[in-house]
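Below is one structure, written out as structure tokens; the observations come after it.
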Amino acid sequence: MRAILGGTFDPIHLGHLHAAQRAQAALGIAKVMLLLAARPGHRTEPLAGIHDRWRMLCLATRETADLLASDLEILRSGPSYTVDSLRELRGADPLVWLIGRDALADVPTWHRAGELASLCHFVVLDRPGREPSEPFCPRGFEVVEAASDLEERPSGALYCLPNAMLDVSASQVRRVVAEGGDASALLPSDVWTYICRQGLYRSCEVERA
């Protein structure tokens, strides 16, 4: 299997890295791809530009052998749609798309969402302390009880991974920076240094963060 954590990474933070490594261990795979959503087609435009977000992603992963930064959606022109990336990455091994539970409910609004179940599995990343509950299951997917069940089919399974996320968000980071605070505890050290040097997020409106 190959696992992918997609996102705008605006900016990438310790929660992203923790979730990717938690999934890597749970799935028993060598690496997780961190795929930059360069030009997201279904959400608000990121506050940092593509170059800055890509640079921060590279800084965050450069010394972590089990995490691989991908510029696939930077190199491809036009809006960054998950379905197009999955089609481009498809091969002999099943693809696993890592997704937060909150984002799962938005899947039906994604571009050509009806094709996703034929292209990948979903692993739903849950936050610590969340009470176990039946997840929303997008059309075409089927909930499975164990990570090992993903290997038994080419696509269309949905597995919930408990305690996969930290209580950190990109909006929290942006808010702290916009208010003149210190966000170093929420970020890889090289990413925090880059944000400070480039002056990122200082002028963003707090209500947008």
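Residues 32 to 240, numbered by this note's numbering, are exactly what the sequence shown covers, in order. Note that the Cβ used here is the ideal one computed from N, Cα and C, for glycine as well.
Going by C-alpha to C-alpha distance, which of the options sits closest to residue i?
{"i": "THR140", "options": "LEU129, THR113 and ARG53", "result": "THR113"}
{"i": "MET32", "options": "GLN203, GLU183 and ARG107", "result": "GLU183"}
{"i": "SER116", "options": "SER101, ILE130, ALA123 and ASP124", "result": "SER101"}
{"i": "LEU189", "options": "LEU150, VAL154, GLY109 and ALA216", "result": "VAL154"}
{"i": "ARG143", "options": "ARG118, PRO166, ASP133 and ALA51", "result": "ARG118"}
{"i": "PRO230", "options": "SER215, ALA209 and ARG53", "result": "Note on identity: in this sequence residue 230 is Gly, with Pro being the wrong assignment. Taking only the C-alpha atoms, the option nearest GLY230 is ALA209."}
{"i": "ASP133", "options": "ASP97, TRP223, GLY109 and PHE167", "result": "PHE167"}
{"i": "VAL204", "options": "PRO110, ILE60, TRP85 and ALA79", "result": "ALA79"}
{"i": "LEU147", "options": "ARG121, SER164, GLY131 and LEU156", "result": "ARG121"}
{"i": "PRO110", "options": "HIS73, VAL127, LYS62 and LEU135", "result": "HIS73"}
{"i": "ASN194", "options": "ASP41, PRO169, GLY131 and ALA201", "result": "GLY131"}
{"i": "LEU213", "options": "MET196, LEU197, TYR232 and ASP198", "result": "Looking at the sequence provided, one finds Asp at residue 213 rather than Leu. For ASP213, the nearest C-alpha among the options comes from TYR232."}
{"i": "CYS89", "options": "PRO219, VAL127 and ILE60", "result": "PRO219"}
{"i": "LEU156", "options": "VAL175, VAL174 and LEU135", "result": "LEU135"}
Apply the 10 Å Cβ neighbour rule to residue i and answer buried if 16 or more other Cβ atoms are within range, or exposed otherwise.
{"i": "PRO159", "result": "exposed"}
{"i": "HIS82", "result": "exposed"}
{"i": "THR75", "result": "exposed"}
{"i": "GLU104", "result": "buried"}
{"i": "LEU106", "result": "exposed"}
{"i": "ASP124", "result": "exposed"}
{"i": "CYS191", "result": "buried"}
{"i": "SER108", "result": "exposed"}
{"i": "GLY211", "result": "exposed"}
{"i": "THR92", "result": "buried"}
{"i": "ALA51", "result": "buried"}
{"i": "SER186", "result": "buried"}
First and last residue of the beta strand (DSSP E) that includes residue i?
{"i": "ILE35", "result": "33–38"}
{"i": "ILE43", "result": "No beta strand (DSSP E) holds ILE43; DSSP gives it neither H nor E."}
{"i": "LEU99", "result": "98–101"}
Helix, strand or coil: how does DSSP classify residue i here?
{"i": "TYR225", "result": "helix"}
{"i": "MET196", "result": "coil"}
{"i": "SER234", "result": "coil"}
{"i": "LEU126", "result": "strand"}
{"i": "LEU217", "result": "helix"}
{"i": "LEU67", "result": "strand"}
{"i": "GLU210", "result": "coil"}
{"i": "LEU78", "result": "coil"}
{"i": "ALA61", "result": "coil"}
{"i": "ARG53", "result": "helix"}
{"i": "HIS47", "result": "helix"}
{"i": "GLY109", "result": "coil"}
Starting from residue i, trace the alpha helix (DSSP H) both ways and give me its first and last residue.
{"i": "HIS82", "result": "81–92"}
{"i": "LEU117", "result": "113–120"}
As an exercise, report each continuous alpha helix (DSSP H) stretch of at least 4 residues that is fully enclosed by the region 129–207, in chain order. 132–135
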